[in-house]
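Here is the structure we will look at.
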Amino acid sequence: MSEKSSDKSTTNNDISTATFETFETAWCPGCGDHIILTCLKRALTELGKNPHDVLIVAGIGQAAKTPQYISANAFCGLHGRALPAAVAAKIANEDLTVVVNSGDGDSYGEGGNHFIHNIRRNVDIAHFVHDNQIYGLTKGQASPTSQTGHVTGVQVNGNINIPLNPMLLALAMGAGFVARGFTGDPEQLVALMKQAILFKGYALLDILQPCVSFNKINTFTDYKSRVTPLPDNYDRSDLNLALKTAQIFDDKIPTGILYSVEKPTYHAQQAALADGKSLVKRPFKLSAVKNVMEKLV
Numbered sequence: 008m009s010e011k012s013s014d015k016s017t018t019n020n021d022i023s024t025a026t027f028e029t030f031e032t033a034w035c036p037g038c039g040d041h042i043i044l045t046c047l048k049r050a051l052t053e054l055g056k057n058p059h060d061v062l063i064v065a066g067i068g069q070a071a072k073t074p075q076y077i078s079a080n081a082f083c084g085l086h087g088r089a090l091p092a093a094v095a096a097k098i099a100n101e102d103l104t105v106v107v108n109s110g111d112g113d114s115y116g117e118g119g120n121h122f123i124h125n126i127r128r129n130v131d132i133a134h135f136v137h138d139n140q141i142y143g144l145t146k147g148q149a150s151p152t153s154q155t156g157h158v159t160g161v162q163v164n165g166n167i168n169i170p171l172n173p174m175l176l177a178l179a180m181g182a183g184f185v186a187r188g189f190t191g192d193p194e195q196l197v198a199l200m201k202q203a204i205l206f207k208g209y210a211l212l213d214i215l216q217p218c219v220s221f222n223k224i225n226t227f228t229d230y231k232s233r234v235t236p237l238p239d240n241y242d243r244s245d246l247n248l249a250l251k252t253a254q255i256f257d258d259k260i261p262t263g264i265l266y267s268v269e270k271p272t273y274h275a276q277q278a279a280l281a282d283g284k285s286l287v288k289r290p291f292k293l294s295a296v297k298n299v300m301e302k303l304v
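Here is the structure:
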């Protein structure tokens, strides 16, 4: 089924993209991160989200600067540690719309362990990976998704490692929502973001976005010649089809929702959270907290 940016929109006349404000960025001109930021604002606007109900979480990297450029709750953590921070926030306050914005290195390299185990937990957060197949903040080293043979200033003889396939890994681990977008198709990207946010459970959206400064191979032109949206009759509930589709990354790169099947979430299975009442809204004994703190210090 094709994605359209009007899908499942929520009317809220008080919310517009201007609500999330515009800030001067430190990204290079032409960087795909600009498009991702714009699409994120559009997605939140079309879903009728108020900034105070949204938490944007990031680690370290160019993608991780996103929380600094949008008016919403923000948490900037350590390299590779965006997911555990996001999970903690969602467990504490289920009412928050939690969106992680991090790069391919932050998500799949340093944060690869958290990526795997968050899929297992199935906490209800959206994970937008700005995948430029390079480490941009540190000036161009091979990342987990860099293609074999990719020459960089460090890998002068070409990257010898097999690239990580995040889509295939997520599906194999049991993720309920796995999608790929491309910054060259912002209409589709907005729709994918909205559906990832609305999905009940962990939602992975890997976004192909060129690094104009340090990746001269995977350019907009390169991606546009290969990116192919999934057909309207594609069955998102077919895991075997999704596994097969996830392995295609050559002359063609499928974009869209590869797989979408809701499964029991962490909150639904955790007895202490199953009643749906956020921890931040529950009464607690200050004396008990004080007692614990005194023991720690």
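Start counting the sequence shown at 8; every next residue gets the next number (our numbering). Think of the CB as a built atom: it goes at the ideal place given N, C-alpha and C, for glycine as much as any other residue.
Extent of the continuous alpha helix (DSSP H) to which residue i belongs
{"i": "L176", "result": "P173 to M180"}
{"i": "D229", "result": "F227 to R233"}
{"i": "L265", "result": "Taken as a continuous stretch (DSSP letters only), L265 belongs to no alpha helix (DSSP H), being part of the beta strand (DSSP E) at I260 to S267."}
{"i": "G112", "result": "D111 to Y115"}
{"i": "N247", "result": "L246 to A253"}
{"i": "A71", "result": "Taken as a continuous stretch (DSSP letters only), A71 belongs to no alpha helix (DSSP H), as it is neither H nor E."}
{"i": "I98", "result": "A89 to A99"}
{"i": "L144", "result": "First-last for L144: undefined, no H or E at that position."}
{"i": "V161", "result": "No alpha helix (DSSP H) holds V161; DSSP gives it neither H nor E."}
{"i": "Y273", "result": "Y273 to Q276"}
{"i": "E301", "result": "L293 to L303"}
Counterpart residues of residue i in DSSP-defined beta bridges
{"i": "C38", "result": "In the DSSP output, where bridge partners are listed per residue, C38 has none listed."}
{"i": "N125", "result": "Answer is none; N125 lacks a bridge partner."}
{"i": "L215", "result": "D138 and F189"}
{"i": "T104", "result": "V61"}
{"i": "N80", "result": "L62"}
{"i": "F184", "result": "A210 and S267"}
{"i": "A133", "result": "V106 and A210"}
{"i": "P170", "result": "None; P170 has no bridge partner."}
{"i": "P236", "result": "T262"}
Buried versus exposed call for residue i [16 or more other C-beta atoms within 10 Å across all chains shown]
{"i": "I42", "result": "buried"}
{"i": "K302", "result": "exposed"}
{"i": "A50", "result": "buried"}
{"i": "T2", "result": "Only positions 8 to 304 of the chain appear in the structure, and residue 2 is not among them; the question remains open."}
{"i": "M174", "result": "buried"}
{"i": "R289", "result": "exposed"}
{"i": "L196", "result": "buried"}
{"i": "R243", "result": "buried"}
{"i": "S13", "result": "Unreliable positioning characterises S13 in this predicted model, as indicated by a pLDDT of 49, which lies under 50. A coordinate reading is not provided."}
{"i": "V304", "result": "exposed"}
{"i": "N168", "result": "exposed"}
{"i": "Y76", "result": "buried"}
{"i": "N298", "result": "exposed"}
{"i": "E269", "result": "exposed"}
{"i": "K15", "result": "Residue placement at K15 is flagged as unreliable, the pLDDT there being 49, under the threshold of 50; the coordinate-derived value follows with that caveat. By the neighbour-count rule (16 or more Cβ atoms within 10 Å), K15 is not buried but exposed."}
{"i": "M300", "result": "exposed"}
{"i": "N166", "result": "buried"}
{"i": "Q277", "result": "exposed"}
{"i": "D40", "result": "buried"}
{"i": "S267", "result": "buried"}
The beta strand (DSSP E) enclosing residue i, as first and last residue numbers
{"i": "L286", "result": "No beta strand (DSSP E) holds L286; DSSP gives it neither H nor E."}
Anticipated Cβ contact below 8 Å, residue i with residue j, distance rounded
{"i": "L286", "j": "I98", "result": "7 Å"}
{"i": "P74", "j": "T26", "result": "Actually they do not touch by this definition, with Cβ atoms about 16 Å apart."}
{"i": "A149", "j": "H157", "result": "6 Å"}
{"i": "G211", "j": "V185", "result": "According to the sequence as given, residue 211 is Leu; it is not Gly. 5 Å between Cβ atoms; contact."}
{"i": "A89", "j": "S109", "result": "5 Å"}
{"i": "C83", "j": "A65", "result": "5 Å"}
{"i": "G160", "j": "G147", "result": "6 Å"}
{"i": "C38", "j": "V219", "result": "6 Å"}
Among the options, nearest to residue i - alpha-carbon criterion
{"i": "S232", "options": "S267, Y209 and P261", "result": "P261"}
{"i": "A95", "options": "N125, D40, I77 and M180", "result": "N125"}
{"i": "L237", "options": "Y230, A249 and L171", "result": "A249"}
{"i": "I141", "options": "L212, L265 and F221", "result": "F221"}
{"i": "Q254", "options": "Q276, N172, G183 and E194", "result": "N172"}
{"i": "A198", "options": "T52, A79 and T152", "result": "T52"}
{"i": "A133", "options": "T29, G116, N100 and V106", "result": "V106"}
{"i": "H86", "options": "G119, K284, T190 and A275", "result": "G119"}
{"i": "R128", "options": "T272, L280, S294 and G66", "result": "T272"}
{"i": "A79", "options": "T24, A179, G188 and A182", "result": "T24"}
{"i": "N139", "options": "D131, T104, F122 and R187", "result": "R187"}
{"i": "A182", "options": "D40, I123, K201 and K292", "result": "I123"}
{"i": "Y230", "options": "Y209, F256, D245 and F206", "result": "F256"}
{"i": "D102", "options": "F30, D131, S114 and P151", "result": "D131"}
{"i": "L205", "options": "K223, K56 and D245", "result": "K56"}
{"i": "L69", "options": "D60, F189, V296 and D111", "result": "Here residue 69 is Gln; the residue named in the question, Leu, does not match the sequence. Considering only alpha carbons, the answer is D111."}
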